[in-house]
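Novice: Protein chains in written order, with this note's numbering: chain B, 1 to 211; chain C, 1001 to 1211; chain U, 2001 to 2227; chain V, 3001 to 3227; chain X, 4001 to 4246. Quick reminder that beta carbons are idealized off the backbone N, C-alpha and C, glycines included. Quick caveat, the model's predicted, so the values are computed rather than measured.
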Amino acid sequence: MNHTYTAATLEARDIACIRDDRTLFDKLSFTLEAGQAVLVEGRNGSGKTSLLRILCGIRQPDEGTIHWNGGDIYRLATGYNAATAWVGHKDGIKLELSAEENLVFARSLGTPSGLEISDALEAMELGGFDDVIAINLSAGQKRRLALARLLVTRSPLWILDEPFTSLDTHGISLIENMINIHLADGGMLAVTSHHPVGLDSADITRINLSE
Amino acid sequence: MNHTYTAATLEARDIACIRDDRTLFDKLSFTLEAGQAVLVEGRNGSGKTSLLRILCGIRQPDEGTIHWNGGDIYRLATGYNAATAWVGHKDGIKLELSAEENLVFARSLGTPSGLEISDALEAMELGGFDDVIAINLSAGQKRRLALARLLVTRSPLWILDEPFTSLDTHGISLIENMINIHLADGGMLAVTSHHPVGLDSADITRINLSE
Amino acid sequence: MKPATLPQAFAILLRRDLTLAYRRRSEIINPLLFFVLVTAMFPLGVGADPALLRDIGPGIIWVAALLAALLSLETVFRSDFDDGSLEQLLLSPHPLSVLMIAKVLAHWLVTGLPLLIVAPLLSILLHLSDDAMHTLLITLALGTPVLSLVGAIGVALTVGLRKGGTILSILVMPLYVPVLIFAASAVANSDAGLPVNAHLSLLAALLVLATSLSPAATAASLRISMS
Amino acid sequence: MKPATLPQAFAILLRRDLTLAYRRRSEIINPLLFFVLVTAMFPLGVGADPALLRDIGPGIIWVAALLAALLSLETVFRSDFDDGSLEQLLLSPHPLSVLMIAKVLAHWLVTGLPLLIVAPLLSILLHLSDDAMHTLLITLALGTPVLSLVGAIGVALTVGLRKGGTILSILVMPLYVPVLIFAASAVANSDAGLPVNAHLSLLAALLVLATSLSPAATAASLRISMS
Amino acid sequence: MLHFFHKLASPKHFYRISGNWIPWLGLACFGFTLAGLYEGLLVAPTDYQQGDSYRIMFIHVPAAWMSLFIYMVMAGAGVIGLVWRIKLAEIMAISSAHIGASFTFLALITGSIWGKPMWGAWWVWDARLTSELILLFLYLGVIALYNAVEDSRTAARATSILALVGVVNIPIIHFSVEWWNTLHQGPTVTKFGAPSIDIHMLIPLLLMAVAFKLFYVMVLLMRARVEVLQRERNTGWVQELVSDYE
Ligand code: HEM
Ligand SMILES: Nc1ncnc2c1ncn2[C@@H]1O[C@H](COP(=O)(O)OP(=O)(O)OP(=O)(O)O)[C@@H](O)[C@H]1O
Ligand SMILES: Nc1ncnc2c1ncn2[C@@H]1O[C@H](COP(=O)(O)OP(=O)(O)OP(=O)(O)O)[C@@H](O)[C@H]1O
Ligand SMILES: [Mg+2]
Ligand SMILES: [Mg+2]
Chain B
1 MNHTYTAATL EARDIACIRD DRTLFDKLSF TLEAGQAVLV EGRNGSGKTS LLRILCGIRQ
61 PDEGTIHWNG GDIYRLATGY NAATAWVGHK DGIKLELSAE ENLVFARSLG TPSGLEISDA
121 LEAMELGGFD DVIAINLSAG QKRRLALARL LVTRSPLWIL DEPFTSLDTH GISLIENMIN
181 IHLADGGMLA VTSHHPVGLD SADITRINLS E
Chain C
1001 MNHTYTAATL EARDIACIRD DRTLFDKLSF TLEAGQAVLV EGRNGSGKTS LLRILCGIRQ
1061 PDEGTIHWNG GDIYRLATGY NAATAWVGHK DGIKLELSAE ENLVFARSLG TPSGLEISDA
1121 LEAMELGGFD DVIAINLSAG QKRRLALARL LVTRSPLWIL DEPFTSLDTH GISLIENMIN
1181 IHLADGGMLA VTSHHPVGLD SADITRINLS E
Chain U
2001 MKPATLPQAF AILLRRDLTL AYRRRSEIIN PLLFFVLVTA MFPLGVGADP ALLRDIGPGI
2061 IWVAALLAAL LSLETVFRSD FDDGSLEQLL LSPHPLSVLM IAKVLAHWLV TGLPLLIVAP
2121 LLSILLHLSD DAMHTLLITL ALGTPVLSLV GAIGVALTVG LRKGGTILSI LVMPLYVPVL
2181 IFAASAVANS DAGLPVNAHL SLLAALLVLA TSLSPAATAA SLRISMS
Chain V
3001 MKPATLPQAF AILLRRDLTL AYRRRSEIIN PLLFFVLVTA MFPLGVGADP ALLRDIGPGI
3061 IWVAALLAAL LSLETVFRSD FDDGSLEQLL LSPHPLSVLM IAKVLAHWLV TGLPLLIVAP
3121 LLSILLHLSD DAMHTLLITL ALGTPVLSLV GAIGVALTVG LRKGGTILSI LVMPLYVPVL
3181 IFAASAVANS DAGLPVNAHL SLLAALLVLA TSLSPAATAA SLRISMS
Chain X
4001 MLHFFHKLAS PKHFYRISGN WIPWLGLACF GFTLAGLYEG LLVAPTDYQQ GDSYRIMFIH
4061 VPAAWMSLFI YMVMAGAGVI GLVWRIKLAE IMAISSAHIG ASFTFLALIT GSIWGKPMWG
4121 AWWVWDARLT SELILLFLYL GVIALYNAVE DSRTAARATS ILALVGVVNI PIIHFSVEWW
4181 NTLHQGPTVT KFGAPSIDIH MLIPLLLMAV AFKLFYVMVL LMRARVEVLQ RERNTGWVQE
4241 LVSDYE
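#1: Along the chain, where does the beta strand (DSSP E) containing Phe2182 of chain U start, and where does it finish?
#2: Can you grab the Cα-Cα spacing for the pair Val3196 of chain V / Pro3050 of chain V, in whole Å?
#3: If we count the other Cβ atoms within 10 Å of its Cβ and call it buried at 16 or more, is Leu4042 of chain X buried or exposed?
#4: May I have the straight-line CA-CA distance separating Asp26 of chain B from Thr49 of chain B, to the nearest angstrom?
#5: Given that Asp1021 of chain C touches chain D, what residues does it touch there, using C-beta distances under 7 Å?
#6: Distance cutoff 8 Å, beta carbons only. Does Val4124 of chain X sit that close to anything in chain V?
#7: With distances taken from CA atoms, which of U:Ile2153, U:Ile2167, U:Ile2181 is nearest Gly2143 of chain U?
#8: What is the C-beta distance between Asp1161 of chain C and Thr1111 of chain C, in whole angstroms, given that I count them as a contact (C-beta under 8 Å)?
#9: Here's the rule: buried if 16 or more other CB atoms are within 10 angstroms of the residue's CB, otherwise exposed. What is Asn177 of chain B?
#10: Out of V:Pro3215, V:Leu3091, V:Gly3057, point me to the one whose CA is closest to Val3098 of chain V's CA.
#11: So, with DSSP's three-state summary, where would you put Ser98 of chain B?
#12: What residues in the stretch 2035-2066 of chain U bring their beta carbon closer than 8 Å to a beta carbon of chain V?
#13: Which residues in the same chain have their Cβ closer than 7 Å to the Cβ of Arg1053 of chain C, if we skip the five residues on either side of it in sequence?
#14: Taking Cβ-Cβ distances shorter than 7 Å, what residues in chain X pair up with Ile3028 of chain V?
#15: Just how far apart, CA to CA, sit Ser2085 of chain U and Val4228 of chain X?
#16: Less than 7 Å between the CB of Thr2111 of chain U and some heavy atom of ligand 3, yes or no?
#17: Excluding the five sequence neighbours on either side, which residues of its own chain have a C-beta within less than 6 Å of the C-beta of Asn2 of chain B, listed in chain order?
#18: Measuring only the C-alpha atoms, how far is Gly1042 of chain C from Asp168 of chain B?
#19: For Pro3178 of chain V and Val3063 of chain V, I'd like the C-alpha separation in whole angstroms.
#20: Measuring straight from C-alpha to C-alpha, what distance separates Ser1166 of chain C and Ser1029 of chain C?
#21: Select from U:Phe2034, U:Ile2167, U:Thr2019 the residue whose C-alpha is nearest the C-alpha of Leu3037 of chain V.
#22: So, helix, strand or coil for Ala3068 of chain V, using DSSP?
#23: Determine whether the beta carbon atoms of Leu3033 of chain V and Pro3043 of chain V lie at a separation below 8 Å.
#24: For Asn1208 of chain C, write down the residues that DSSP places opposite it in a beta bridge.
#25: Alpha carbon to alpha carbon, how far is Gln4230 of chain X from Asp1020 of chain C?
#26: Would a check of beta-carbon distances place Asn4181 of chain X closer than 8 Å to chain V?
#27: Which residues in chain C sit within 7 Å of Arg2239 of chain U, going by Cβ to Cβ distance?
#28: Classify Gln1141 of chain C: buried if its beta carbon has 16 or more other beta carbons within 10 angstroms, exposed otherwise.
#29: According to DSSP, what are the bridge partners of Glu4232 of chain X?
#30: Hey, is the stretch 2079-2094 of chain U in contact with the stretch 1202-1210 of chain C, meaning 3+ C-beta pairs nearer than 8 Å?
#31: May I ask you to check if the CB of Thr4159 of chain X is nearer than 7 Å to at least one heavy atom of ligand 2?
#32: Could you check which residue in V:Val3118, V:Leu3091, V:Leu3109, V:Leu3105 has the C-alpha nearest to that of Ala106 of chain B?
#33: From X:Ser4010, X:Leu4068, X:Trp4180, X:Lys4087, pick the residue whose C-alpha is nearest to that of Met3041 of chain V; which is it?
#34: Does Phe2228 of chain U come within less than 8 Å of chain X when only Cβ atoms are used?
#35: Rounded to whole angstroms, what is the Cα-Cα separation between His3199 of chain V and Ser3129 of chain V?
#36: Short of 7 Å Cβ to Cβ, which residues in the stretch 28-53 of chain B face chain C?
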């Protein structure tokens, strides 16, 4: 298993987001390279979720463009999608499927990392829960399962919206660990969180939307 | 405005919760008096949410009883309901109503505290948002609105399930402040949180469900 | 400030639900459009022969009313469940069964009453006689509240389920049969010049029965499916 | 491990949706029961005269099929939207329109195919002739996939709205009208011993048209309503 | 007496005691069925109007009786479960639903088979047939709801309410359908309601009715035992039981 990603660049050029009549942000530019992280901060309602959804390509920016390896992500949609993994406010897991089935499906929609499903569950400390139907998991267990998707697929760019929601302290340190390995492997990260994210890397761009 | 509540007692006697075939907890007993707080801790999936829903009376315990001023809460349902306020994982606000309309409705379902709606919104730093339809609020703003319910009604017992979810650091300190005033007034609190809750009072019962 | 009295709480909940329906707008228009569309679909399906249409007209209008009620039922509790308002209602100090009456009343005002208003139009489309139209209106006035009342029990029972749309229909439709039968035969009778009083009294009796039993049953069902 | 090829991804999504339907169980049974129930409701509304029923039978069965399709439509995307799976599908590297075909196919297998199986039973209940029953089956086989395909566009357009059930019906029902007309008249013709080929070819043409246009339209609608 | 019921109502004792009853019930049911079939197929005379086709009556009529009877049992058990929170009653209610639906289905099928030679059609919208069809849907609604709810105790309580609402409706439905049919006169259905049924036809009918009741009780106990095991699977006594088998 070779986890070192090929170098890539994400570049936001003067993007803006307008909700109703309010400009949440504009002229926002940044560049993200292998091993780097963007930490989006800001008060409640400052536009963090909106920004991340734009970065994913779910929403289009009201102004400006986003480039992946030099090409507009809306033109190159397919190539970009293969390179990104998104965990939003919603977990994106099917409540009627077991933990394992959920991950099998997630893997087949992306690029498999080669990690076994059971190992990924183990890593998230959901060991005995392979066959448990997801509806019977607690809030935090569901969140862990959603984050386990990051392990079974191999995407250089992770986009995470408040990944620590519902996680206990132990769960949080698990995820921080995972993120640090990802960055060390040459991965990229865009993340929001109201709680400090323990990142080893010094290569962090902080974007504060409240200023 | 006199915020000092009349003395009351909540007593859980040997309660148990069984989900499918797993016993989440049993023989759990505690007493809560005016000015005291119960802090429910535990790993993800340990049964915190289940316990709080039982305390509210939404769910019945599989064994044991809960007493409010000596009477079973299932017998005295109405009296107990008037004394409790619940903020769960779901915010319980209508997305099509404005912030103000939501609070007006919440107030008329409980015992009004006498605090003006606009003052409550101000206290939650949702000042300019009175007339904003709740669907246009961000995750954290919705959470603040849900918590503002605690201010416009006057319930001695607050039951809060991870109240800090989605809140920024400033929002968290607002809520902590609010809780401390409530306890100083002789209120009672049952709360879960994965993040430390800054309580002034020394009168805290900690229940750890992971042990 | 004093706590709201029960009538006040009732009025406030009713007003809230009406406001919500107004804000969503489509909730008022849609059952109505649906009602008209289904009725209009029949002449397409069975051919346009006026005599035939007049024969089956009362039945069709009532089946359409029934389906329109059925389709709009989910709105009674679904959104309150999804956003957690239902938990709050359940924990309110007011008796749940009275609050249920307010919710059902709001549902009827939004989905049942409009049917009464367009029914004359449909009667014309289907060549019903004036007498029949008159009876049709009375049956709708007596019958549609029963649909809302009985339906509320079904929604309360299924609100917690994450299953697709049709289970509710299966629970509720058999319970709707008596309303359909009495109402459709009353209209058909009056079209044929026969007496209709017996049918109408039976419908009225159903309404009384439903009003007296449904709120408590709905409240009990809600408590069960929320636990 | 290699990434899944497009056919693999297609198959996996199809299997996932079928598994989900099987787990929920009621999703398979319910549209079916609903179909039977609605059909059974008509004789209650319009009376039990066999000649009359035979006349309006094809229309009734087709209207019921149409409503059953309509009611089950929500299941195509609703739960995927609610739990966030739809965002994940949208961001998958596979072409969205192909994935849409898998979802629509699953929907048809679960809700359309069963109708074909019970249709003979309903033909008996409504006293249709053997010829008519035969034609009914062909029209259902050609028509129900169109209902799923066209309906998917409607669901994709409305999935992000937090509005009660009926807006979808309003959007989709007019689009269903051609299917209803061709199919019901084919069955009526064959009951009367008239030729039906023209009708059936038109239905087949609708199917081809829907198959070629709907997936792309559904994918585009989804992208819009998710943004 | 009360003590006996209390003991029986505990799942563990129920499991043990019912296990002893089942073989005897099976035997009795088998005996009555044999006797009924013998009397019905060999002894009972051929009907002067219908020939031998009427003999399906010996299945149809008891099945139709059972379909109504079981609904009442189900609703009764549901009430007991709701009010006194007796688990066993809940189990009996939901176990009955499946059996009741089967009998209803059987009554419908045999009725149709009988109807074809009698009326020349598999189905007519006669009052009794229609209300039986609706009864089937009431059963199916109960079963669908039970399957849809995740937690089995919640499911049992929810279905009990539904069954109860259904009971209120059964007379109403029955009544409405009768009215409806007399008003919209379709083809006049000549009911087989022979006022003085031949004693040789009555005897096998009653024998079969008893056999069907025994069958119901037996299957009910069997289904209930499975349900009990499933619900109590993490209690000591079931664990012991299972380890005995291993
Ligand atoms: C699908 C068709 C049919 C259905 C659903 C049906 C249903 C029923 C039901 C529900 C009962 C029990 C009524 C009660 O105990 O109150 C019953 C009884 C009976 N049925 Fe049928 N039936 C059907 C066809 C027929 C036919 C074709 C015949 C014969 C001509 C027939 C003869 C009888 C007789 C003799 C009884 C017993 C009457 C009594 O208890 O007094 N049924 N049927
Ligand atoms: N609807 C359900 N049916 C069956 N089991 C459930 C259900 N909901 C939760 N559980 C199980 O009950 C246990 C406790 O769930 P609960 O939601 O109370 O946990 P929690 O302590 O609040 O966890 P978290 O910190 O993740 O919110 C979990 O292990 C979960 O698997
Ligand atoms: N669907 C919407 N329509 C219109 N405005 C919206 C919508 N969703 C959010 N907004 C507005 O956009 C702003 C930014 O919302 P967003 O969800 O991006 O904030 P956020 O930074 O993620 O906040 P939080 O920390 O609370 O999650 C908010 O002020 C909100 O009022
Ligand atoms: Mg956000
Ligand atoms: Mg929890």
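Specialist: If we stick to the structure as given:
#1: Here Phe2182 of chain U belongs to no beta strand (DSSP E); instead the alpha helix (DSSP H) covers 2166-2191.
#2: Cα to Cα, the separation comes out at about 24 Å.
#3: Under this definition Leu4042 of chain X is an exposed residue.
#4: It is roughly 15 Å from the alpha-carbon of Asp26 of chain B to the alpha-carbon of Thr49 of chain B.
#5: This model lacks chain D altogether, as its protein chains are B, C, U, V and X.
#6: Closer than 8 Å to some Cβ of chain V, the Cβ of Val4124 of chain X qualifies, so yes.
#7: Looking at the Cα atoms, U:Ile2181 is the closest of the given residues.
#8: Between Thr1111 of chain C and Asp1161 of chain C the Cβ distance is about 22 Å, and since that is not below 8 Å, they are no contact.
#9: By the 10 Å Cβ count, Asn177 of chain B comes out exposed.
#10: It is V:Pro3215 whose Cα lies nearest to the Cα of Val3098 of chain V.
#11: The answer is strand: DSSP assigns Ser98 of chain B an E or B state.
#12: For the stretch 2035-2066 of chain U, the residues whose beta carbon sits under 8 Å from a beta carbon of chain V are, in order, Leu2037, Val2038, Met2041, Phe2042, Leu2044, Gly2045, Val2046, Gly2047, Leu2052, Asp2055, Ile2056, Pro2058, Gly2059, Ile2060, Trp2062, Val2063, Leu2066.
#13: Excluding five sequence positions before and after Arg1053 of chain C, the CB atoms of its chain that fall closer than 7 Å to its own CB belong to Arg1059, given in chain order.
#14: Correct list: empty, because the minimum Cβ distance to chain X is about 11 Å.
#15: Near 36 Å, if we compare the C-alpha coordinates of Val4228 of chain X and Ser2085 of chain U.
#16: Ligand 3 never approaches Thr2111 of chain U closely enough for any of its heavy atoms to be under 7 Å from the residue's Cβ.
#17: Any reading at Asn2 of chain B must be qualified, since the residue scores a pLDDT of 46, below 50, and its modelled position is unreliable; the value itself is stated next. Same-chain partners within the cutoff: there are none.
#18: Counting only the Cα atoms, Asp168 of chain B lies some 8 Å from Gly1042 of chain C.
#19: Pro3178 of chain V and Val3063 of chain V: Cα-Cα distance of roughly 12 Å.
#20: Straight-line Cα distance between these residues: approximately 31 Å.
#21: Residue nearest to Leu3037 of chain V within the set U:Phe2034, U:Ile2167, U:Thr2019 is U:Ile2167 (criterion: CA-CA distance).
#22: The answer is helix: DSSP assigns Ala3068 of chain V an H, G or I state.
#23: No, these two residues do not count as a Cβ contact at 8 Å.
#24: Looking at the DSSP output, Asn1208 of chain C shares a beta bridge with C:Glu1041.
#25: Their backbone Cα atoms lie some 10 Å apart in a straight line.
#26: At a cut-off of 8 Å between beta carbons, Asn4181 of chain X contacts chain V.
#27: A question about residue 2239 of chain U goes unanswered here, because the residues of chain U that appear run from 2001 up to 2227.
#28: For Gln1141 of chain C, the number of other beta carbons within 10 angstroms of its own is at least 16, and it is reported as buried.
#29: Residue pairing by DSSP leaves Glu4232 of chain X without any beta bridge partner.
#30: The answer is no - the stretch 1202-1210 of chain C does not touch the stretch 2079-2094 of chain U, with fewer than three Cβ pairs under 8 Å.
#31: Thr4159 of chain X has its Cβ no nearer than 7 Å to any heavy atom of ligand 2.
#32: Distances from the CA of Ala106 of chain B to each of V:Val3118, V:Leu3091, V:Leu3109, V:Leu3105 were compared; the closest alpha carbon is that of V:Leu3091.
#33: Residue X:Trp4180 is the option with its Cα nearest to Met3041 of chain V.
#34: With chain U covering 2001 to 2227 only, the question about residue 2228 of chain U has no answer from this structure.
#35: Computed Cα separation, rounded: 19 Å.
#36: Cβ contacts with chain C come from Arg43, Asn44, Gly45, Thr49.
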